[in-house]
Every structure is written in structure tokens, then in C-alpha cells.
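Read the sequence shown against this note's numbering and you will find it ends at 723, with the numbers running on by one and no gaps. Even glycine gets a Cβ: it sits at the ideal position worked out from N, Cα and C. Remember, predicted model here, so these are calculated numbers, not experimental data.
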Amino acid sequence: MHELWSSESYAPHLLSLPFAFAPAAMLIVVAYAVVMRGEPRVRAWLLAHVMSLLPYAVTMMLAPSMTSPSAALALFRVAAGFVPMAAATGTGFQLTLVGRSSRLAWLGVAACGFWCVAGIVSPAEVDTVVYLRAGLWYAHAGPWAWLALLTTVVASLPGFGLLGAAALRMPPSSLRRQLRLALAANLITYAGLVDVASAYGIEIFPVGWLLSGVGSLLIVRALIIEDLLRVRAVDSTAPLLVFHLAAGVILAWIVLSNLGTTPWWGSALAVVLSLAGVRITVAVVALVNRGAHHEGPLDRLIGQLVTRARDATSDLDVARLGIDIVQLGLGVEPKVLVAAADDWGWTAATGERLPDDAAPDPLLAPWLAEARGALFDTEAALHAPEDLQPMIAALFAAQRARAIVPITSHDELLGLVVVPATAPAVRGRNLAFLERAGDAIGEAIVHVRMARHAARRAELARDVELAATVQRDLLPGREPRTIGAVEVIGSWFPATRCAGDFWAVYSLDGGARVLIAVGDVTGHGVASAMVTAAAVGACDAFVRASGATPELPRLMLALDAAVRRVGGGALSMTCTAAIVDPRAGELSFVSCGHTVPYLVRAKDDGAGVDLQALVARGNLLGTGVPPAAKVQQRAVQAGDLVVWYTDGVIDATDPAGDAFGDRRLQRLLRKLERGQLAPVAVHDRVHAAVVAHRAGRARPDDETLVIARIGASAGAAA
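Spelled out as C-alpha cells, the structure:
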């Protein structure tokens with residue numbers, strides 16, 4: 006081992022220069038991964054993989070310049086010992102890239118760790134070295150080299166299999182480009198195993214160093230051009246640590262040189278004090294510079310956004326202002342999409358309504374509202390819950406986005422800032438600016454909406470006593486009822502004496518079908534209650550006049566006329582109505598700005614339930630704009646549960662001010678089991694969850710909850 010470090014064991018040779026290509030390329034990868042802060046697991050596995058390849062690359066670089074067989078043997082044993090480890094860590098890198106668990110990789114690391122130790126300390130993998138005609142030393146295979154090679158191949162298979170499948174099957178995207186480039190780099194690197202032929206006496210010129218260098222360069226391209234690490238900022242921790250150690254060592258060397266002969270404890274104390282002195286000096290400089298922040302151009306742009314937003318009178322004014330500010334800061338024109346405050350629709354800054362396939366799915370919106378910071382097309386789908394991954398991928402594809410910043414307020418999704426895919430990678434200060442701009446846009450939208458709501462409430466303040474009496478007499482009771490094959494239960498809890506919610510249920514065609522309507526008038530007080538009473542009366546009259554064949558769009562027109570006539574244009578109403586036909590196995594429904602109902606269906610295997618959002622579009626009633634309600638249809642079957650509610654259920658807040666929210670309601674419904682789908686039980690469970698969430702706080706809005714279960718129809722059974 007002494008010869009390994011002896012200068013007499015080496016004589017510089019020109020042939021070492023081309024072999025230096027591989028370690029140089031690997032060191033570039035290591036330096037980039039250490040300095041840049043990105044996805045931590047990808048970063049860690051990449052560093053482990055490259056560091057495991059580095060001993061072989063360095064050994065091949067030194068092989069032409071080594072004159073001592075003993076030194077060459079020691080180096081080749083270290084290099085061979087780390088080859089299986091490179092395979093295991095490479096698998097961890099590949100699995101992490103495709104969003105899979107790296108448990109298999111850890112098993113490979115444990116298995117290959119044995120070969121790492123055995124290969125270094127014994128002749129198991131390399132028993133001697135031979136001098137090739139090419140002019141360099143090379144390893145000769147030991148008795149167990151074949152088993153180490155087999156372990157290497159087996160450890161590599163899971164990663165290559167899953168990475169290859171994802172890279173070849175994934176639809177076109179920047180993530181697919183990353184995966185394909187990583188796959189090509191790994192294939193080229195692993196092709197270097199062809200050098201094993203020389204270890205078994207088939208003498209060829211080693212090419213593994215060249216292939217691993219080319220593979221490393223491809224990784225460098227993926228890191229810098231394709232943003233493989235999903236970089237967010239420069240990590241100063243590692244460079245500072247290197248600086249501390251280097252400065253401490255230099256200072257200790259100077260101190261020890263001047264001290265002369267000292268006992269060992271004196272030398273150790275001098276080294277410790279030198280390192281401490283460097284650390285204290287750096288800390289003092291950092292404290293002095295803290296607070297010396299100077300406002301830059303991006304900070305001034307955020308200030309302009311906040312100041313100019315005070316004059317905005319609508320959400321779209323804020324959206325257009327946000328586009329201008331972000332474009333000035335990044336040099337790229339983004340899109341700002343605004344979620345409608347009154348329904349599940351989405352609008353561009355131009356005022357154009359987004360098609361349903363280009364807008365976030367209603368099931369995705371709660372997750373986006375809980376997200377913090379920017380989402381990138383290369384990682385968003387990997388970090389989303391499994392049931393939402395196709396939806397987030399579809400959103401990025403529909404918007405052709407590189408990055409999306411959710412605009413939120415108290416877990417409510419207000420909008421999205423969309424950076425186009427043609428834009429360069431957003432990182433560092435630009436990323437921080439983009440996220441701060443999203444926060445400022447959200448605050449401005451909240452301010453505009455609060456001002457608008459305050460103006461509405463000031464206009465709607467009325468006495469409530471008479472309206473409360475009328476309203477209680479008009480609405481159904483809270484007891485469950487069975488109409489034909491449909492069991493229905495509903496409840497109505499007003500936030501004040503007078504409320505703006507209502508619900509109604511009607512038997513059609515002798516109980517063969519059932520009509521259910523749920524509505525929510527803006528505001529509280531006498532005015533809202535009178536509009537509610539007019540809506541219920543109009544609904545009753547329409548059903549009586551239509552007989553067994555009411556048409557849902559015409560029902561919406563009748564309700565719109567009633568709301569306009571009584572509300573005088575000052576009040577509006579959301580409404581959803583559905584006809585349940587158990588015989589035909591069909592649910593027909595319309596919605597005018599109302600919250601989205603859910604269809605709950607027990608899975609065939611009995612393990613849990615499936616949850617579907619019943620999305621329909623239509624304009625608010627009573628605004629003077631035609632409802633334009635379009636009938637949607639959904640197939641239903643015996644045992645299905647339909648859940649209607651008003652926004653008071655999901656807007657119920659706890660003492661901290663956090664809303665109950667769509668996501669919490671969805672989770673509650675997903676936890677139902679096949680034997681828990683009785684309407685009364687589900688109703689009581691949802692109501693109890695909302696009450697517990699409020700924890701004694703007053704209702705901020707009326708809470709209406711209606712649940713219907715579809716039973717087996719005699720006609721259908723026949």
C-alpha cells in the first residue's frame with residue numbers, strides 16, 4: 006500500500022491525457038449537483054452514482070502512468086469494488102426520476118456494499134494486473150469476478166426497465182426529454198462494461214473511460230439545458246463548507262510553520278483554533294452585511310403591482326396588471342387565469358371563458374389551493390396524489406406551460422399564473438419574483454372581491470322576521486322520505502333568521518322519477534328570503550304545469566324570471582336541479598353557477614368508493630343574462646349516492662379561519678365503505694364533520710345538504 010502513495014510508482018505518460026476526459030466530465034457533474042439546489046432525492050442519488058463511477062475513471066487515467074504493479078493492483082481493486090455500487094446507485098437515480106420508490110435501490114446498495122468491501126480488501130474481483138499491448142495496466146479477473154458482474158447486471162435491471170418504459174410511453178413533454186436523455190446517458194455509460202473482456206484475457210483497447218465520459222457529458226447537458234435536477238436556486242452551503250475548510254487548513258499551516266516544534270496537543274489546538282477563527286470571521290462578516298439589502302428592480306416591480314392594484318375594480322383588471330408586471334420582470338408574457346367567484350368556471354385576463362378541457366378539473370382545484378410555490382411541468386405530476394396526476398398533467402398540456410403558480414388565499418384557489426413552455430427555466434431570483442407576484446395578485450383579487458361583497462351586503466340589509474316565517478313554511482322538513490326507488494334526506498340550517506338557501510323534491514310520473522332542486526340566493530335578510538320564496542313558488546308552479554315531463558332548461562328559465570322579478574336585478578341565485586330516473590338508470594342535471602354535486606358509487610370489489618364530480622355550466626339566475634343551462638347526463642345504478650350542497654357547507658370555518666373546503670369534503674366521501682351509503686348515515690356524518698370543524702363558531706353562511714340514494718327500480722329489474 007506504501008507504493009500506492011509513492012511518487013516512484015508513477016511516471017507521467019501522454020496516454021493519460023485522453024483518459025482524463027472521463028473524470029473531468031464526472032467532476033463537472035459533481036460540481037454542478039453540489040452547488041445547485043434542486044430536487045433533493047434526484048440530487049443525492051446522482052451524486053452517489055457519479056462518485057461510485059469516479060474511482061474507475063481515475064484509475065484508468067493513472068493506468069498508463071503507473072510503473073508499479075502493486076500500485077496498479079491496489080487502484081484496480083478499489084475501482085472494481087465500486088462498479089457494483091455504481092449500478093445500485095444508478096438504479097436509485099433512475100427510479101427517483103420516474104417517481105418510484107427507491108426501496109429496490111437500497112436493497113441493491115446493501116448487496117453491492119459487500120462487493121465494495123470484498124473487492125477492495127481481497128482478490129475476489131481482481132487477483133492481479135496485466136500490462137496490455139496498448140501501453141497501460143489493466144485488471145485480471147479474480148475467482149469471484151463473474152458473480153460481482155452478475156450482481157451489477159441484476160442491480161441495474163429495475164432502473165433501466167422502469168426508466169425505459171416511462172421514457173418511451175410518456176406523451177411529449179420536457180419531462181420525457183429529461184428521461185430519454187438520462188436513459189441514453191446511462192446506456193452509454195453501462196456499455197463500458199465491455200472492458201470486462203480484457204479482464205478475462207480477451208485483450209481490447211479499453212473504451213469504458215470514453216463511454217462513461219460521454220455519458221457524463223450527456224448528464225451535464227440534461228442538468229443545464231433540460232433542468233434535470235429541477236433547480237430552484239444556488240446552494241451556498243457546500244461551497245461555504247469547502248471555503249471554511251480550505252481557509253482553516255491554510256491558516257493552520259501558517260500557524261504551525263511559525264510555532265516550530267510543539268507537542269501533538271499543541272498542534273491539534275492550533276488547528277482547532279484556526280478553523281474556529283475562520284468560522285467566527287465569516288459569521289461576523291455575515292452579521293455586518295445582514296440588513297444591507299438594497300431594493301432591486303424586481304422588488305420595485307412588486308411594489309408597483311401592489312400600488313396600482315388598489316385602483317382595480319375587477320378580478321380581470323388585477324389579472325391584466327399582473328401580466329404586465331411579470332412580463333417586465335421576466336421578459337416573458339405569462340397568462341393569468343382567474344377562477345370565477347360564483348361558479349367553477351375559469352376566465353382568461355381578456356375576459357374569455359376557458360373551455361372545460363383547458364381549465365383545472367374541479368377535483369384538482371383543492372389540491373392546487375393547498376400547494377405552496379411554483380409547480381413545474383417536470384415534477385408537478387410526480388408530487389401530486391396518484392388520483393390527481395393525470396389531471397395535473399392534462400392541465401400543463403392544455404396550457405402548454407413550463408411552470409404554474411397557484412394564486413391562493415386561505416386555501417382558496419383564486420387563479421393561476423401560467424409561464425409558457427417556450428420560456429427559459431425560471432429559477433433563483435426570477436422564481437422568487439414570480440411567486441411573490443402570485444401572492445400580490447392574490448391579495449389584490451381578495452381586496453377587489455371583498456369590496457364588491459361589502460357593497461352588495463350594504464345594499465341587502467333588511468329586516469328578517471317576516472321572511473323567516475314564510476321561508477320555514479315553504480321548505481321541506483328534515484325527515485327522510487322515499488319516493489319510488491329513491492330515498493332522499495335534506496337539511497337546511499340558516500346562518501341568520503332569514504336565509505338565501507332552499508331545496509325542493511318532487512315526485513314525477515307517480516314516483517317513477519324524482520326531481521330535486523337546490524338553490525342559493527346571494528346575501529341574507531328579508532330580500533334574500535323573499536327571492537327564495539319566489540323561487541320555491543316558481544318551482545312548484547312549473548312542476549305542476551309540466552306534469553310528468555318537466556324540462557330542466559325551462560325550469561331554469563322560470564326560476565330566472567322569478568328571481569329577476571322579485572330581486573329587481575340586485576340579487577342573484579345559484580341553482581342546480583336533477584331528475585333521477587332509476588328505471589332508465591340515468592341522472593339528468595343542470596347547474597347555474599352552483600357548487601358541484603358528487604356521485605358516490607361503491608367499487609365492484611367492495612374496497613371503498615369511486616367519487617365523480619357532476620359538472621355542468623350555466624349563468625347565475627336573476628342577473629339579466631340568459632341562464633344558458635345545458636343538460637348533462639350520467640348513468641347511475643342501484644346503490645349510487647348523489648350529494649348536493651350549498652357553499653355554506655364548504656365555507657364553514659374553524660377558529661383559525663380555515664375553511665372546511667372541497668378537498669376535506671372529498672376526502673370524507675372517499676372514506677365511505679359499501680355498507681355506509683345509507684342517506685341518513687352519510688348526511689349525519691357530513692353534517693357532524695362540518696359542525697366539528699366550526700367548533701362552536703357561528704355559521705358564516707347558510708348550510709344546505711341534500712343526499713339521495715338510488716335503489717333498485719321495479720321497472721329496471723323487470
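6 Å CB neighbourhood of residue i in its chain, flanking five on each side removed
i    : result
L80  : T64
Q637 : F594, A621
L280 : G253
R181 : M175
V343 : D320, A324, T352, G420
A172 : L184, R185, L188
A27  : A62, W214, S217, G218
S512 : I488
F498 : E708
I712 : I494, V648, P684, V687, H688
T133 : H145
V536 : V526, V568, V571, G572, L576
Check whether residue i and residue j have beta carbons under 9 Å apart
i    : j    : result
M396 : A389 : yes
A657 : D706 : yes
V422 : P339 : yes
L368 : A618 : yes
Y650 : V526 : no
A553 : D514 : yes
S533 : C503 : yes
I584 : P602 : no
E440 : G378 : yes
H415 : G680 : no
S221 : L335 : no
F24  : Q99  : no
R518 : D565 : no
Nearest-angstrom Cα separation, counted from residue j out to residue i
i    : j    : result
P163 : L155 : 14 Å
L560 : H688 : 27 Å
P45  : L102 : 11 Å
R486 : I494 : 6 Å
L167 : V159 : 14 Å
G716 : F665 : 30 Å
L673 : V691 : 8 Å
L326 : C597 : 30 Å
G97  : V283 : 37 Å
V114 : A402 : 37 Å
K676 : V287 : 54 Å
A722 : A643 : In this prediction, A722 has a pLDDT of 36, which is less than 50 and means its spatial position is unreliable; what the coordinates show is noted afterwards. Cα-Cα distance, rounded: 10 Å.
R569 : V630 : 10 Å
A123 : V88  : 12 Å
T572 : R461 : It should be noted that the sequence gives Gly, not Thr, for residue 572. Each residue's alpha carbon lies about 13 Å from the other.
A317 : I330 : 14 Å
R138 : T94  : 34 Å
S107 : I446 : 39 Å
A297 : P371 : Its pLDDT being 49, under 50, A297 is placed unreliably by the model, and the measurement read from it follows with that caveat. Approximately 40 Å, taken between the alpha carbons.
Other residues of its chain near residue i: CB distance less than 8 Å, five sequence neighbours each side excluded
i    : result
V541 : L479, L480, F507, A509
A500 : H529, G653, A703, R704, P705, D706, D707, E708
V34  : L51, V55, S221, I224, V225, L228
R454 : D320, A346
N-terminal and C-terminal residue of the beta strand (DSSP E) that residue i is part of
i    : result
D586 : 578-586
S596 : 591-597
T352 : 351-353
R407 : 406-414
H145 : 141-146
Nearest-angstrom Cβ-Cβ length linking residue i and residue j, presumed shorter than 8 Å
i    : j    : result
V55  : M90  : The pair is not a contact, with the Cβ atoms about 12 Å apart (cut-off 8 Å).
S70  : Y15  : 5 Å
D659 : H599 : With a Cβ gap of about 24 Å, D659 and H599 do not count as contacting.
P211 : Y143 : 7 Å
P632 : L562 : 6 Å
P425 : A374 : Contact flag wrong, Cβ pair sits at about 23 Å.
R606 : D645 : 5 Å
I193 : A202 : So it is not a contact: roughly 18 Å between Cβ atoms.
A92  : C117 : 7 Å
N- and C-terminal bounds of the alpha helix (DSSP H) containing residue i
i    : result
T537 : 531-551
A153 : 150-174
G524 : Per DSSP, G524 belongs to no alpha helix (DSSP H); it is in the beta strand (DSSP E), 518-526.
L137 : No alpha helix (DSSP H) contains L137, which is instead part of the beta strand (DSSP E) from 131-137.
Contacting residues, own chain, Cβ-Cβ under 7 Å from residue i (five flanking each side not counted)
i    : result
M6   : For M6, the predicted structure reports a pLDDT of 49, less than 50, and the residue's modelled location is therefore unreliable. A value from the coordinates is still provided. These residues qualify, in order along the chain: A79.
W149 : A129, E130
Y195 : S161
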